[in-house]
Each structure stands twice: as structure tokens, then as C-alpha cells.
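*Asks:* Before we start, here is the structure in question, set down as C-alpha cells.
In the numbering used here, the protein residues as written are 441 to 563.
The following block contains the structure:
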């Protein structure tokens with residue numbers, strides 16, 4: 441989220457200049473973060489289902505006792521994993537330093553000033 445916002449600070453600034461408010465800019469950035477979180481969660485669920493569903497593993501302890509694990513991916517586990525991923529994604533998106541950039545009023549940077557000077561010179 442932070443790298444997404446910081447890499448696109450100019451785009452966010454442009455949206456703010458053409459009239460989008462701080463709330464709509466923040467919500468747009470948050471929706472993007474949540475969509476990426478959902479895609480990551482679905483990819484993680486698919487990988488887990490492909491590689492770990494039905495896997496049986498065992499250990500041998502120090503006293504030669506054996507513990508057997510049988511991994512089954514149920515519907516409740518899938519839902520809990522997806523919800524947990526979305527909660528963590530929302531929490532990280534709101535707490536990272538990138539979130540305030542989407543709410544802040546746009547300020548011109550040296551790059552913007554050079555671009556304005558170049559465009560004024562060509563007029």
C-alpha cells in the first residue's frame with residue numbers, strides 16, 4: 441500500500457487538483473488495496489488447497505512416539521482465512537504511512553515546477 445501510494449503520488453495529486461476530494465481519493469486507494477488483498481487471499485487459498493489439502497505428515501519424538509497430522513481444508517477454514525486476510529490487509533492499509541498521502545492536500549514538487557516551467561515555455 442505504501443509503495444503503491446508513494447509511487448503514484450503525482451497521480452493522487454492530479455486527482456486532488458482536478459476536484460476529487462480527500463475522502464474519494466482515500467477510498468479509491470483503499471479499494472485498490474482491498475482488491476489486491478482479496479486476490480492475494482484467493483491465490484493463497486488456491487495454493488493451500490493444491491499443495492496441503494489431504495496431506496498427512498508425521499513426527500517421531502524423543503521417546504520414539506509418533507504424532508500424525510492430517511491436513512484437511514474445510515469450507516470454514518477457507519472463509520476464516522479469507523476474512524483474516526481482509527482484516528489484516530485493511531489494518532495494514534490504514535496504518536501504513538501511505539494512507540495519509542491519499543488524504544493530504546496536494547503540494548507541488550520540484551518535478552511539478554519544472555514540468556510547469558517547460559510547458560509554459562512551449563506556449
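Glycine included, each C-beta is placed from N, C-alpha and C at the ideal position.
How about the segment 449-464 and the segment 473-491: do they share at least three Cβ pairs that are nearer than 8 Å?
*Replies:* The answer is no - the segment 473-491 does not touch the segment 449-464, with fewer than three Cβ pairs under 8 Å.
*Asks:* Is the segment 462-481 in contact with the segment 515-525, if contact means three or more CB pairs nearer than 8 Å?
*Replies:* A contact exists between the segment 462-481 and the segment 515-525.
*Asks:* What separation, rounded to the nearest whole angstrom, lies between the Cα atoms of residue 453 and residue 507?
*Replies:* Taking the straight line joining both Cα atoms gives about 58 Å.
*Asks:* Which first and last residues belong to the beta strand (DSSP E) in which residue 498 is found?
*Replies:* 496-500 is the span of the beta strand (DSSP E), which, as asked, contains residue 498.
*Asks:* So that I know if they touch, is there some Cβ in chain C lying closer than 8 Å to that of residue 501?
*Replies:* The displayed structure is made up of one protein chain only, and chain C is not part of it.
*Asks:* Find the nearest neighbour of residue 488 within the set 512, 500, 468, judged by alpha-carbon distance.
*Replies:* Nearest of 512, 500, 468 to residue 488, Cα basis: 512.
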